[in-house]
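Number of protein chains: 2
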Amino acid sequence: MAQQNQEKQAKGGKDEGIATRAQDYSQWYLDIIKRAELAENSAVRGCMVIRPHGYTIWEKMQRELDDRFKATGHVNAYFPLFIPLSFLTKEEKHASGFAKECAVVTHHRLMSKDGEVIVDPESKLEEPLVVRPTSETIIWSQYKNWIQSYRDLPLLINQWANVCRWEMRTRLFLRTAEFLWQEGHTAHASEAEAREETRRMLGVYADFAENVMAMPVVQGAKSPGETFPGAVQSLCIEAMMQDGKALQAGTSHYLGQNFAKSADVKFLNKEGQLEYVYATSWGVSTRLIGGLIMTHSDDNGLVCPPKLAPIHVVVVPIFRKDDEKAKVMEESDKVAAELRAQGLTVKIDDRDMHPGAKYYEWEMKGVPLRIEIGPKDIEKGSLCLVRRFVLEQEGESEQDQRKRKKTFPPRAEALASVKKLLDEMQGQLLDRAKAMRAKRTRVIDSIADFEKFFNDEGGGFAWVHWAGNAEQEGELAERFKTSVRCIPFEDQIPAEAKGEGKCILTGQPSMHRIVMAKAY
Amino acid sequence: MAQQNQEKQAKGGKDEGIATRAQDYSQWYLDIIKRAELAENSAVRGCMVIRPHGYTIWEKMQRELDDRFKATGHVNAYFPLFIPLSFLTKEEKHASGFAKECAVVTHHRLMSKDGEVIVDPESKLEEPLVVRPTSETIIWSQYKNWIQSYRDLPLLINQWANVCRWEMRTRLFLRTAEFLWQEGHTAHASEAEAREETRRMLGVYADFAENVMAMPVVQGAKSPGETFPGAVQSLCIEAMMQDGKALQAGTSHYLGQNFAKSADVKFLNKEGQLEYVYATSWGVSTRLIGGLIMTHSDDNGLVCPPKLAPIHVVVVPIFRKDDEKAKVMEESDKVAAELRAQGLTVKIDDRDMHPGAKYYEWEMKGVPLRIEIGPKDIEKGSLCLVRRFVLEQEGESEQDQRKRKKTFPPRAEALASVKKLLDEMQGQLLDRAKAMRAKRTRVIDSIADFEKFFNDEGGGFAWVHWAGNAEQEGELAERFKTSVRCIPFEDQIPAEAKGEGKCILTGQPSMHRIVMAKAY
Numbered sequence: 001m002a003q004q005n006q007e008k009q010a011k012g013g014k015d016e017g018i019a020t021r022a023q024d025y026s027q028w029y030l031d032i033i034k035r036a037e038l039a040e041n042s043a044v045r046g047c048m049v050i051r052p053h054g055y056t057i058w059e060k061m062q063r064e065l066d067d068r069f070k071a072t073g074h075v076n077a078y079f080p081l082f083i084p085l086s087f088l089t090k091e092e093k094h095a096s097g098f099a100k101e102c103a104v105v106t107h108h109r110l111m112s113k114d115g116e117v118i119v120d121p122e123s124k125l126e127e128p129l130v131v132r133p134t135s136e137t138i139i140w141s142q143y144k145n146w147i148q149s150y151r152d153l154p155l156l157i158n159q160w161a162n163v164c165r166w167e168m169r170t171r172l173f174l175r176t177a178e179f180l181w182q183e184g185h186t187a188h189a190s191e192a193e194a195r196e197e198t199r200r201m202l203g204v205y206a207d208f209a210e211n212v213m214a215m216p217v218v219q220g221a222k223s224p225g226e227t228f229p230g231a232v233q234s235l236c237i238e239a240m241m242q243d244g245k246a247l248q249a250g251t252s253h254y255l256g257q258n259f260a261k262s263a264d265v266k267f268l269n270k271e272g273q274l275e276y277v278y279a280t281s282w283g284v285s286t287r288l289i290g291g292l293i294m295t296h297s298d299d300n301g302l303v304c305p306p307k308l309a310p311i312h313v314v315v316v317p318i319f320r321k322d323d324e325k326a327k328v329m330e331e332s333d334k335v336a337a338e339l340r341a342q343g344l345t346v347k348i349d350d351r352d353m354h355p356g357a358k359y360y361e362w363e364m365k366g367v368p369l370r371i372e373i374g375p376k377d378i379e380k381g382s383l384c385l386v387r388r389f390v391l392e393q394e395g396e397s398e399q400d401q402r403k404r405k406k407t408f409p410p411r412a413e414a415l416a417s418v419k420k421l422l423d424e425m426q427g428q429l430l431d432r433a434k435a436m437r438a439k440r441t442r443v444i445d446s447i448a449d450f451e452k453f454f455n456d457e458g459g460g461f462a463w464v465h466w467a468g469n470a471e472q473e474g475e476l477a478e479r480f481k482t483s484v485r486c487i488p489f490e491d492q493i494p495a496e497a498k499g500e501g502k503c504i505l506t507g508q509p510s511m512h513r514i515v516m517a518k519a520y
Numbered sequence: 001m002a003q004q005n006q007e008k009q010a011k012g013g014k015d016e017g018i019a020t021r022a023q024d025y026s027q028w029y030l031d032i033i034k035r036a037e038l039a040e041n042s043a044v045r046g047c048m049v050i051r052p053h054g055y056t057i058w059e060k061m062q063r064e065l066d067d068r069f070k071a072t073g074h075v076n077a078y079f080p081l082f083i084p085l086s087f088l089t090k091e092e093k094h095a096s097g098f099a100k101e102c103a104v105v106t107h108h109r110l111m112s113k114d115g116e117v118i119v120d121p122e123s124k125l126e127e128p129l130v131v132r133p134t135s136e137t138i139i140w141s142q143y144k145n146w147i148q149s150y151r152d153l154p155l156l157i158n159q160w161a162n163v164c165r166w167e168m169r170t171r172l173f174l175r176t177a178e179f180l181w182q183e184g185h186t187a188h189a190s191e192a193e194a195r196e197e198t199r200r201m202l203g204v205y206a207d208f209a210e211n212v213m214a215m216p217v218v219q220g221a222k223s224p225g226e227t228f229p230g231a232v233q234s235l236c237i238e239a240m241m242q243d244g245k246a247l248q249a250g251t252s253h254y255l256g257q258n259f260a261k262s263a264d265v266k267f268l269n270k271e272g273q274l275e276y277v278y279a280t281s282w283g284v285s286t287r288l289i290g291g292l293i294m295t296h297s298d299d300n301g302l303v304c305p306p307k308l309a310p311i312h313v314v315v316v317p318i319f320r321k322d323d324e325k326a327k328v329m330e331e332s333d334k335v336a337a338e339l340r341a342q343g344l345t346v347k348i349d350d351r352d353m354h355p356g357a358k359y360y361e362w363e364m365k366g367v368p369l370r371i372e373i374g375p376k377d378i379e380k381g382s383l384c385l386v387r388r389f390v391l392e393q394e395g396e397s398e399q400d401q402r403k404r405k406k407t408f409p410p411r412a413e414a415l416a417s418v419k420k421l422l423d424e425m426q427g428q429l430l431d432r433a434k435a436m437r438a439k440r441t442r443v444i445d446s447i448a449d450f451e452k453f454f455n456d457e458g459g460g461f462a463w464v465h466w467a468g469n470a471e472q473e474g475e476l477a478e479r480f481k482t483s484v485r486c487i488p489f490e491d492q493i494p495a496e497a498k499g500e501g502k503c504i505l506t507g508q509p510s511m512h513r514i515v516m517a518k519a520y
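Chains as they are written, first to last, in the numbering used here: chain A, 1 to 520; chain B, 1 to 520.
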């Protein structure tokens, strides 16, 4: 199809297609982002523009997450964009592991010179300011004012913000110099309570991933090498993309007393003793939109779980003559109004263009359901519903599948069924993603099988016993580009992977299997 | 009271009071922000921390505004934080009038040296990046890709973001180096349509100010000297604070084709000709929280309109003995549950401290309604409702006013009345603010009266005929610290100020009166 498009373009025709996953997975991902108008690169290296269709998905994600944060007792606040450079020296372990590639503000004034705008050299700041790559240091410097006794704890605060990491190789949504995220920063009176919070918020992320994004995840801990700099323990959720690679979709860190110590935040405990506060931090970002795309989309474009779809239903009026138009538009308005009354977001696409081009565009943009309304449908008292996808059946032709997407129920029945249909599609997406993951998951007991899985069979999640050190993990990374994605919690381990065993590389005893995979 | 507090503090007691408006208006404003825990200064010069109680007010403002933006056809998107310096040269008039005091990013990497974190001198950017003070230039560089023909118009996009202006003299909420805002940036096929949009969005702001913030505003145009750099015309809403000063609470600009020209954004119009696009931009910011405080609050702390209150009702259980506690807590939980079922936000304050201290705290934080529940209330089957404020009555003692705030209706009646009571309070705040404004508004026809008003009577809004030039406006500014706040729309002029006349300074003829005032 990519070749067809090049031919079309060469002939001056309009490029209508995108790369297929089989042809070029990376290009397919970028094509969807472009053609579904989700985001694009900007004039500033590595900084993306999130276009309205993509931003609406983010708004829906925010709403769902924010509701869950508030339901677990958190409140939002806002802390400064800038961090004084000296704060990073104070928490050196954090800074040296983390804050290397940062945007640094050094001046505070511009001036005009010979018709150009330049930086005023007289305006150099006494202390450079770092654009936040994450906010632990600045937030804990503030918490010092707010925490005196155990009565002030727990402090359960979240921030929605933009952050900046000067990544050298960027990729829309997955890795950009600036991105949007939320960062929770909580303070507790005991280690147990802080660890519980760390785990609770990972659970919130997992619930959101599975039940809203329809993206199954494995929950667990990071290996020491992948732990957040400054954290005692990092937990994560890992999802599998359609190419078998893992995507770290959210992290939740138990920070111990590290940040409290560097910011000198102590509290008077119930026993009347001064103690350093226990901390957590946790975050998810616009990276999730990349995960959403790569979990569900197909060669026709974006597939969006109904719970996050910017538009649930697009109504396309179809008519040839003017006398048909009035009737069809009236019915389209009525249908849209009835669906909106059910709380659904409905778009009537009455643009003056060929219906086929409209179908193509809304499929590309991932609208879950299309309703076509023509004079014949009105006559028959029925509606033509077209689902964005159906679950694949083995051996089915493309044409047969297309037929299954389309139904013509009586009008009343159709309108009464839409919400149920959207729920069903939401469930099917999760089922399909789980099936995809199962297909690319192996319980592996030898390096030979590991090699075969990643080199010959496309790879995926390998459940292996592992007792290697960081150097040995590096050895596997060099050979197969794999890494330890997570050390799963006991309840995350599938039955066939349970139990003790021996490390696939060293033969050393191992208590339970971990997940190895290539990763984004 | 300030003196009392100093004495208290000197004795090691806890400072419980705030400055009164009569004593020190500026200090009163800062005291409320501190004691109601709305915001505070951070370690970064001029950058504030918005604390949860203040941020919740902002979230409620956002929700109300965002709903109105969407109802008028706008969508949200996100554009980069950074603007290449060369973009400001392209739109020089804009930059030279505007972008002087900016945070400038010049480097992109840190390094560790001798245990300190420093800026890596090797990481200098080829082109400096300006942290956005406003986003016209970067957004229009992107619109160039999105607009080809009249079919792509109008483009109605809004962004919620942080922006940065390196102000030398900062003041919490009113003027800070970093602040939060929304900026609408729309593109249109004609001047008429763009001007209509400019006016529509000013109307949205005025509706929000009056009906949500309970803050009356005058709508009009800015004088040429106060017009946004790069705009053809700037519209504004101006509110009056309790000290008689004006606060510019929102602006909406008709930008003509200025930004389209510098970014070279043309569209094919219906006649098949290439034409530059017509633009608007409009914004409100966290400055509104400052306006909210200064419009409604009193010497007991924050007064918050119920529609923006983070907490609508605080329930304070009152008991002495343990057997009372169980009964009182049970009733408190029930009352809270019944109010929550009505959609209200309710807090039960069961902390182990004196009820009086609780009353004081929640009054300071502006909770509109308090319900005290003790064993006697349960016995009588009534509830004790205490309103945050009542409208002042002339000659009334403080004690009598306090009595009027408190009522003891039967339980069922009390619970059924809460929403109506909150609505009533919302309306009373608007009435009170209007009365306050009327009291400090004068129709003035001579410089002598103008002088008397601003020098002897405390000042306020002066409706005057004005035909002076910028220099003459500067002369008045020097003598009285006043400026032309806005040239009101015809329908904004009160009956007694209507009609033509002569400029109070020059005697030149003037078509209608404008508003002069001191301003924040």
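No residue lacks a Cβ here, since even glycine has one placed at the ideal position from N, Cα and C.
In the same chain as Leu153(B), and ignoring 5 residues on each side of it, the C-beta atoms closer than 8 Å to its own belong to Ile147, Ala187, His188, Ala189, Phe267, Val277, in chain order. By the C-beta density criterion, Gly272(A) is exposed, having fewer than 16 other C-beta atoms within 10 angstroms. In the DSSP annotation of this structure, the continuous segment of the alpha helix (DSSP H) that includes Trp362(B) starts and ends at 355–364.
Below 8 Å, too few C-beta pairs join the segment 207–217 of chain B and the segment 509–516 of chain A to call them touching: fewer than three.
In this structure Gly220(A) is not in contact with Ala470(A), their Cβ atoms being roughly 18 Å apart against a cut-off of 8 Å. If only complete runs of 3 or more residues are kept, the segment 53–107 of chain A shows the beta strand (DSSP E) at 82–84, 104–107, in order along the chain. Excluding its 5 nearest sequence neighbours in each direction, Asn269(A) has C-beta neighbours in its own chain below 6 Å: Tyr150, Glu275, listed in chain order. Taking the CA atoms as reference points, Pro128(B) sits about 18 Å from Phe79(B). One finds Ser42, Ala43 in chain B with Cβ atoms closer than 9 Å to the Cβ of Ser141(A), taken in chain order. For Glu478(B), the enclosing alpha helix (DSSP H) stretches over residues 470–480. CA-CA distance, Asp299(B) to Leu344(B), rounds to 26 Å. If you draw a straight line from the Cα of Thr441(B) to the Cα of Thr72(B), it is about 33 Å long. Pairing Ile311(A) with Glu372(A) gives a Cβ-Cβ distance that is not under 7 Å. Taking Cys384(B) as the centre and dropping the five residues before and after it, the same chain places the C-beta of Ile371, Glu372, Asp377, Lys406, Phe408 closer than 7 Å to its C-beta, in chain order.
DSSP places His296(A) in the helix class (H, G or I) of the three-state scheme. Rounded to the nearest whole angstrom, the C-alpha separation of Ile32(A) and Cys304(A) is 12 Å. No Cβ of chain B is located within less than 7 Å of the beta carbon of Phe480(A). In the pairwise beta carbon analysis, the segment 46–53 of chain A is classified as not touching the segment 63–70 of chain A: fewer than three pairs are separated by under 8 Å.
In terms of Cβ geometry, Tyr254(A) and Val232(A) form a close pair [threshold 7 Å].
Comparing alpha-carbon positions, the option among Pro121(A), Trp463(A), Glu101(A), Ala249(A) lying closest to Ala177(A) turns out to be Glu101(A). Secondary-structure assignment with DSSP links Met111(B) through a beta bridge to Ile118(B). For the pair of segments examined, the segment 426–435 of chain A was found not to touch the segment 447–463 of chain A: the number of CB pairs separated by less than 8 Å stays below three. Nearest to Met436(B) by C-alpha distance, out of Met215(B), Gln248(B), Ser483(B), is Met215(B). Every unbroken stretch of the alpha helix (DSSP H) spanning 4 or more residues and falling wholly within the segment 362–432 of chain A is given here in chain order: 375–380, 398–405.
Put simply, the segment 80–92 of chain A touches the segment 34–45 of chain B. At least three CB pairs are less than 8 Å apart. Here Glu178(A) is bridged, per DSSP, to Cys47(A), Cys164(A).
The beta carbons of Trp282(A) and Met353(A) sit no closer together than 7 Å. By the Cβ neighbour-count rule, Pro410(A) is exposed, with fewer than 16 other Cβ atoms within 10 Å of its own.
Judged by their CB atoms, Gly301(A) and Glu392(A) are not nearer to each other than the 7 Å cut-off. Using a Cβ distance threshold of 7 Å, Trp181(B) and Val163(B) count as a contacting pair.
Following the DSSP letters along the chain, one finds Glu136(A) inside the alpha helix (DSSP H) bounded by residues 136–146. Contact annotation for Tyr55(B) against chain A: Val75, Asn76, Ala77, Tyr78 [CB-CB distance below 8 Å, chain order].
Put simply, of Ala103(B), Leu476(B), Phe461(B) the residue whose alpha carbon is nearest the alpha carbon of Asp243(B) is Phe461(B).
Judged by their CB atoms, Thr89(B) and Val117(A) are nearer to each other than the 7 Å cut-off.
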